[in-house]
Amino acid sequence: MQTTPPTFPRLLLAHAQQQPDAPAVREKDLGIWQSWRWADVAREVREFACGLASLGFKAGDNLGIVGANRPHLYMAVIAAQSLRGVPVPLYQDAVAGEMVFMLDDASVEFVIAEDQEQVDKLLECRELQKDQRTAIRHIVYDDPRGLRHYDQPGLLGYEELCELGRAWDSAHPGFFDRSVAAGQASDVAVILYTSGTTGRPKGVCQTHASFIAAGRGGVETDRLGPGDNIMSYLPMAWVGDHLFSVAQWLVGGFTLNCPESAETVMNDMREIGPSYYFGPPRTFEGLLTAVSIRMEDAAAPKRWLYAKFMALARRVGADILNGAPVGAVDRLLYALGDLVIYGPLRNVLGMSRIRVAYTAGAAIGPDLFRFYRSIGVNLKQFYGQTETCAYVCLQRDGKVKLQTVGSAAPGIELKIADDGEVLVRGVSVLQGYYKRPDATAEVLDADGYFHTGDAGVLDAEGHLRIIDRAKDVGRMHGGAMFAPNYIENKLKFFPQIKEAVCFGDARDEVCAFVNIDYEAVGNWAERRGLGYGGYVDLAGKPEVLTLVAECIAKVNADLASEDGMGDTQIARFMVLHKELDPDDDELTRTRKVRRGFIAGKYAVLIDALYDGKGEQFIETQVKFEDGRTGVVSATLKIVEARRFPPMKAAA
Amino acid sequence: MSNRKVGDVILDVKNISLSFGGVKALTDISFDVREHEVRAIIGPNGAGKSSMLNCINGVYQPQQGEITFRGQHFKHMNSRQVAEMGVARTFQNLALFKGMSVLDNIMTGRNLKMKCGLLAQALHWGPAEREEIAQREFVERIIDFLEIQLHRKTPVGRLPYGLQKRVDLGRALAMEPQVLLLDEPMAGMNVEEKQDMSRFILDVNDEFGTTIVLIEHDMGVVMDISDRVVVLDYGKKIGDGTPHEVRNNEDVIRAYLGTEH
């Protein structure tokens, strides 16, 4: 393998030289896919960079990038880096009040915005910054629609900026090349803001060296290169998009495809037929639901055929993909299925040409994961965070285990701390938080390990299994590690269970609150002719309690078979009389359980669970959507769950 | 919105009276429309709003009065001639081809701009092909403008009502009209759809400089987006002026809220 150039702008120039006519970026515009060749991208980046220079942008300045996945915005990333400046992609759906924090924090004076909506927001930000030392000075916009009559100072269209750039370039010959040549691998390549679910957002500084190493690791593992196509549709400010659509793009030299609009992604994907795809679990889930619904409406013979072949796929599909031995008859049948069912199905999903698909960001349900793998979509998981360029672990072809996120990626060292926290050292670890040495010191220790905040375990083959957030992990009296989210996620994979909260830290046994899914369980009740009068009534039905008990028994059986989890089987549970609700402060706005608050609010119930009572009366205040409050009361039954003897050897 | 330049009178309606047998639909209506403005015609149900629009559009021939468009009088002109002069319209009860795709529906709006004959178009040969490519590009701009890319190939009948209205607007826009007549563009829509439609109307007015005459009985929407408003009641004009003036007009208040209040 030849040596990789040390910075992103130099990678771009290398592609422009080696494969000038290959398509680098495509975007669907006016119903037609428009392409930029690598040579075009290099030329536009040069113009854009020189244009920025003519406005006074210099090395060390930060360039804000606000908008959806547009080719020009990706070019802006490299343009800023060409001047040894730093691109700062921001979430385009943030409101002005949130955005201004990051603009101030990174002292952003230059911004490129997608369209009128974003320009309006930035002008609002500038209004908020009136009394500050630094404020936005220049806003470059990509789409001029609706902006023709704006006369605010500092507004400039993309085309005008390139015009300025061409003039500047001919007036300062060699400036651009010198500037690119001066760039160092150790320069900060990008600042990505953490989402700020815990405290205010922090800017993560990543160097060219880190991101190029992360990009190369992925590209080599999955053998990506010219000819591969990827859909870019996730927010540019998210580390995953930066890894796939910038780092791997420039390292691998494949083609980036930008959708026509956020709504048309699925249509556009069918047209492009990407060979490489990333989606969060909920995207895959949404696709499967859409297919299932259409299948239910299909004619009976089709449904029969679908059911038959999907059963076959479940049995042997994943093994065939993994390269495991499968009998000749099954192979033949699977090939037939591929012709009549799996192939057309992949086509509908826009996955006909997928070689590699990744998911990450949340736990993915086992059935969902198996479904895609069984129909021949090579769906894999990876693990990482903003601080590690989203590059810590990845699943290798042929070594995909559902429970784990794969083994350490090339150039990465993993260690599990005594309290279960996952520690990472290696190529992709952040340089530091922007202007926050205090925060950096909290997460980077003296040995160079980054503390992820996630609790995990390594199995015998070195595959990492993430079980929970480290701060949520507790210990039971018996000494076993108690990971509430891990158990709750297992429960929530059942469609009948909407929400679950487990308790067990510093206790002898694990007990759980369960919320039923009103729609799923309601349907189930209707099908069996079980009458009910609303949520509270349904949740208290003995039949429903039995249903939930069966789910919990399955989870317990699962836990018993896992190493070190056998002691955290659920002993007793209670089906709550009301849905946990963000309006009542029981969940966060992103629907994460607020454990401490719930433990306080329902202390009576928890005591009842551990006191061995048979039932408990509770009265709860609830807030309605219009702001009024009311009271719900019920007597809740406590149910013993079936437990299994732990099987130590099974792992 | 202040950057639009409202120009001279483009459309002048003088003393129009229209009756169907003994029913007087319009009685002696006069008003004018200036270039680049958003002009609304409002009134309770049955006030004669749609009849007025149909007179301007050439669908009805008024018994009395005359309409001047860019200095040209027209009294006996059919709707095709009006369309060729640059007046397009949308319909209260959508007039789209339900079984055809969004794209094809909007393409029909380009029909007037097509020069090739039926045979050449059918054979899709030489100049006809080039022409269609050029027209298609224009239609794609409209699709982009109205943000209906997702539905480009969807049969119109399968779209929700609010989107069908948007397609209807797209079809009218495809004619590159100087004056756009909108017949209750927001009827039957929910609040969000109304906001979207208002934005599109203002964008059309702003971006293409199209003069807009719209009929609406939702007062709130009209007051927000119009420059001037004509109020009709029982076929008579009872008010004319800026939204503010109209809102404070005694007769208008009476027509909308009843005599006793």
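Quick mapping for you: the protein sequence lines, in order, are chains A and B. With our numbering as the guide, the letters of the first sequence map in order to residues 527 to 1177. With our numbering as the guide, the letters of the second sequence map in order to residues 595 to 855. Built from N, CA and C at the ideal position, the CB exists for glycine as well.
- Item | DSSP-derived helix/strand/coil call for Y759(A) | coil
- Message: If I measure Cβ to Cβ from V791(A) and keep anything under 8 Å in the same chain, skipping five residues before and after, which residues do I get?
- Response: M757, Y759 and P785
- Using 9 Å as the limit for Cβ to Cβ distance, is I737(B) near chain A? yes
- Taking D1110(A) as the reference, which of D845(A), S878(A), V1157(A) and K1139(A) has the closest Cα? V1157(A)
- Query: Any Cβ of chain A within less than 9 Å of the Cβ of E731(B)?
  - Reply: yes
- Query: So what does Y909(A) bridge to, in DSSP terms?
  - Reply: C919(A)
- Task: Show which residues of chain B have a CB atom less than 8 Å away from the CB atom of L1017(A).
- Result: Near L1017(A) there are no residues of chain B at all, since even the closest Cβ is about 36 Å away, more than 8 Å.
- Message: Looking at chain A, is there any beta carbon in it that lies within less than 9 Å of the beta carbon of Q658(B)?
- Response: no
- Item | Inter-residue spacing [alpha-carbon to alpha-carbon] between L712(B) and A722(B) | 10 Å
- Item | Within-9 Å CB hit, R746(B) to chain A | For R746(B), the answer is yes, since a Cβ of chain A falls inside 9 Å of its Cβ.
- Query: Can the beta-carbon of T912(A) be found less than 9 Å from the beta-carbon of G709(A)?
  - Reply: no
- Residue span of the alpha helix (DSSP H) that contains R742(A), given as start and end: H734 to T747
- With respect to the beta strand (DSSP E) encompassing R552(A), which residues constitute its N-terminal and C-terminal limits? P549 to D555
- Message: Tell me the rounded alpha-carbon separation between N672(B) and L776(B).
- Response: Distance from the CA of N672(B) to the CA of L776(B), rounded to the nearest whole angstrom, comes to 19 Å.
- Query: Cα-Cα, which of A728(B), L796(B) and R704(B) is closest to F739(B)?
  - Reply: Residue L796(B) is the option with its Cα nearest to F739(B).
- Query: Is it the case that the Cβ atoms of G593(A) and Q644(A) are separated by a distance below 9 Å?
  - Reply: Closer than 9 Å, so yes.
- Task: Find the residues of chain A that neighbour D797(B), judging by a C-beta separation of less than 7 Å, and give them in chain order.
- Result: G672
- Message: Within a Cβ cutoff of 6 Å, which residues of the same chain sit near Q929(A), ignoring the five residues on either side of it in sequence?
- Response: R991
- Message: Please classify R572(A) as buried or exposed, where buried requires at least 16 other C-beta atoms within 10 Å of its C-beta.
- Response: Under this definition R572(A) is a buried residue.
- Use the C-beta contact count for Q758(B): other C-beta atoms within 10 angstroms, 16 or more gives buried, fewer gives exposed. buried
- Would you check if the distance between the CB atom of R1033(A) and the CB atom of H989(A) is smaller than 9 Å? Not a contact, by the Cβ cut-off of 9 Å.
- In chain A, which residues lie with their C-beta within 8 Å of the C-beta of E770(B)? Under the 8 Å cutoff, chain A gives no residues; its nearest Cβ is about 17 Å from E770(B).
- Task: Alpha carbon to alpha carbon, how far is S1087(A) from A1176(A)? Give it in angstroms, no decimals.
- Result: Only weak support exists for where A1176(A) lies, its pLDDT of 40 falling under 50; the value from the coordinates is given anyway. Each residue's alpha carbon lies about 6 Å from the other.
- Tell me which same chain residues have a C-beta within less than 7 Å of the C-beta of A965(A), skipping the five on either side of it? K728 and Y959
- Taking a Cβ distance cut-off of 8 Å, strictly less, list which residues of the segment 792 to 806 of chain A are near chain B, in chain order. N793
- Using a Cβ cut-off of 9 Å, pull out every chain A residue sitting near E734(B), in sequence order please. D555, L556, G557 and I558
- Item | Boundaries of the beta strand (DSSP E) in which T660(A) is found, first to last residue | Run containing T660(A): none; DSSP gives neither H nor E here.
- When the Cα atoms are used, what is the spatial distance from Y1012(A) to K1018(A)? If you take the alpha carbons of Y1012(A) and K1018(A), they lie about 10 Å apart.
- Message: Does the segment 910 to 924 of chain A come into contact with the segment 948 to 959 of chain A, if we say contact requires no fewer than three beta-carbon pairs (one atom in each stretch) closer than 8 Å?
- Response: Here the segment 910 to 924 of chain A lies against the segment 948 to 959 of chain A, with 3 or more beta-carbon pairs under 8 Å apart.
- Message: My parser needs the alpha helix (DSSP H) runs of 4 or more residues fully inside the segment 793 to 830 of chain B; what are they?
- Response: 813 to 819
- Below 9 Å between beta carbons: does that hold for I661(B) and V617(B)? no
- Skipping 5 residues on each side, what residues in its chain have a beta carbon closer than 7 Å to that of A605(A)? V571, F574, A575 and L578
- What number of angstroms, rounded off, separates the C-alpha of Y898(A) from the C-alpha of I819(A)? Straight-line Cα distance between these residues: approximately 17 Å.
- Query: Which two residues bound the contiguous alpha helix (DSSP H) that contains Y600(A)?
  - Reply: P597 to S608
- 8 Å Cβ shell around A1097(A) - same chain, five flanking residues per side excluded: Here the set comprises E1035, V1036, C1037, E1166, A1167 and R1169.
- Query: Closer than 8 Å, Cβ to any Cβ of chain B: which residues of the segment 762 to 794 of chain A, in chain order?
  - Reply: E786, S787, E789, T790 and N793
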